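Asker:
Numbering (my numbering), first residue to last: 756 to 1105.
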């Protein structure tokens, strides 16, 4: 991150004008907003699409906040294969919520107007959760801007006074598979908890994945993060193991990244998560792929590559949201395609 972080935080925090309560007011994407305004915005999104959406919940946070989301469906009613999006798993990643909101807005506004968007909503049920970690996000707005984890106290079995679990190290799959993938220290930014699913937020999150798997199946899972501009496929826990569908995953990521680059020239790196970035255990997209049986599963790291880091200037919100929509359109248009280059996943890494 750059040297003048304090000035960036001050500018970021002072950039939230009053919202006009109209979802078609794109000035929303010129600034960052308070948590309660985000809740109101998602309610307004539902109200703009009342016959084909519902407000849903995946449970409550440690401090009792609702982990709210919206469920969208098309003309034939709910029950199609699921597209599941999670946002703001890590509290300090403020750019994530506007991106997830803009994607939802485009689906709603384009339905019945744009043929391509209409086909997406008719083909899939969309389950969108903008704040998986609401307590942490509120804490970044009131107390510590760069806080990452949830706000859960340390286990009573430790002498630690450090708060928080890393929710994206707490999923009940490969939780302890790699000592480099998470930390056992409650003071670490990647503290995985005393055991899988000991973060209250996790209980409903993994249950919803299981329910969608059993009811309609999951076509696509995306966990949105920042920063570093990566498009990551499973797996996170092993840097020499490649899933059978890695070729397809990389091809889809490449095509989406190409579409993203066409907007403002922003380049995303794509590949298997562990081999491309670093090891992670107990991660969401590994769970969604292996246990949730999602056909496609990704973790996407948004802008930038470190100049501003987690404190991305408000001036970059519009560029971020619009480029992601272009990438998502490519993904959604190709979810039922079968890619493979015939050389096997390992060859793609050479």
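Backbone N, C-alpha and C define an ideal beta-carbon position, used for all residues, glycine too.
Since this is a predicted model, take the numbers as computed values, not measurements.
Can you give me the C-alpha to C-alpha distance between residue 1003 and residue 913, rounded to a whole angstrom?
Answerer: 44 angstroms
Asker: Quick check on residue 1123: buried or exposed, where buried means 16 or more other Cβ atoms within 10 Å of its Cβ?
Answerer: Nothing about residue 1123 can be reported from this structure: the residues present for the chain run from 756 to 1105 only.
Asker: Looking at the structure shown, is residue 841 part of a helix, part of a strand, or coil, going by DSSP?
Answerer: strand
Asker: Distance, Cα to Cα, residue 897 vs residue 848?
Answerer: If I take the Cα positions, the gap works out to 15 angstroms.
Asker: Look at the alpha carbon of residue 954 and the alpha carbon of residue 1035, and state the distance between them as a whole number of angstroms.
Answerer: 17 angstroms
Asker: For residue 1042, I'd like the list of residues in its chain whose CB is within less than 6 angstroms of its CB, leaving aside the five on either flank, ordered along the chain.
Answerer: 926 and 928
Asker: In the structure shown, what three-state DSSP assignment does residue 699 receive?
Answerer: No information on residue 699 is available, as it lies outside the stretch 756 to 1105 that the chain covers here.
Asker: Are the Cβ atoms of residue 850 and residue 981 separated by less than 9 angstroms?
Answerer: Taking 9 angstroms as the cut-off, the Cβ atoms of residue 850 and residue 981 count as close.
Asker: Buried or exposed, going by whether 16 or more other CB atoms sit within 10 Å of the CB of residue 872?
Answerer: Sixteen is the threshold: when 16 or more other Cβ atoms of the shown chains lie within 10 Å of the Cβ of residue 872, as they do, the residue is buried.
Asker: Cβ of residue 837 within 9 angstroms of Cβ of residue 892?
Answerer: no
Asker: Does the region 964 to 977 come close enough to the region 820 to 837 that 3 or more CB-CB pairs lie under 8 angstroms?
Answerer: Note that the region 820 to 837 touches the region 964 to 977; at least 3 beta-carbon pairs, one per stretch, sit closer than 8 angstroms.
Asker: Who are the near neighbours of residue 895 in its chain, counting only those whose CB is closer than 6 angstroms to its CB and skipping five residues on each side?
Answerer: 846, 847 and 902
Asker: Which ranges does the beta strand (DSSP E) cover as unbroken runs of at least 3 residues, wholly within the region 980 to 1037, from first to last along the chain?
Answerer: 985 to 988 and 1024 to 1027
Asker: Among the candidates 930, 917, 1075 and 945, whose CA atom is the shortest distance from the CA of residue 983?
Answerer: 1075
Asker: Per DSSP, what are the beta-bridge partners of residue 826 in this structure?
Answerer: 809 and 882
Asker: Can residue 1083 and residue 1040 be called in contact, C-beta distance under 9 angstroms?
Answerer: no
Asker: With distance defined between alpha-carbon atoms, name the residue in 783, 778 and 779 nearest to residue 1073.
Answerer: It is 783 whose Cα lies nearest to the Cα of residue 1073.
Asker: Please state whether DSSP places residue 871 in a helix, a strand or coil.
Answerer: helix
Asker: Report all residues from its chain with a CB closer than 7 angstroms to the CB of residue 1005; omit the five preceding and five following residues, and keep chain order.
Answerer: Cβ neighbours of residue 1005 within its own chain (closer than 7 angstroms, five residues either side excluded): 988, 1025, 1026 and 1103.
Asker: Would you please state the rounded distance, in angstroms, between the beta carbons of residue 931 and residue 820? I believe it to be under 8 angstroms.
Answerer: The pair is not a contact, with the Cβ atoms about 29 angstroms apart (cut-off 8 angstroms).
Asker: Give a yes or no on whether the C-beta atoms belonging to residue 804 and residue 1087 are separated by under 9 angstroms.
Answerer: no
Asker: Run through the region 933 to 981 for me and flag every whole alpha helix (DSSP H) of 4 or more residues, listed as ranges in chain order.
Answerer: As far as the region 933 to 981 is concerned, its whole alpha helix (DSSP H) runs of at least 4 residues are 955 to 970.
Asker: Quick one: is residue 868 buried, meaning 16 or more other Cβ sit within 10 Å of its Cβ, or exposed?
Answerer: exposed
Asker: Assuming residue 1051 and residue 857 form a contact by the criterion Cβ under 8 angstroms, report the distance between their Cβ atoms to the nearest whole angstrom.
Answerer: Between residue 857 and residue 1051 the Cβ distance is about 21 angstroms, and since that is not below 8 angstroms, they are no contact.
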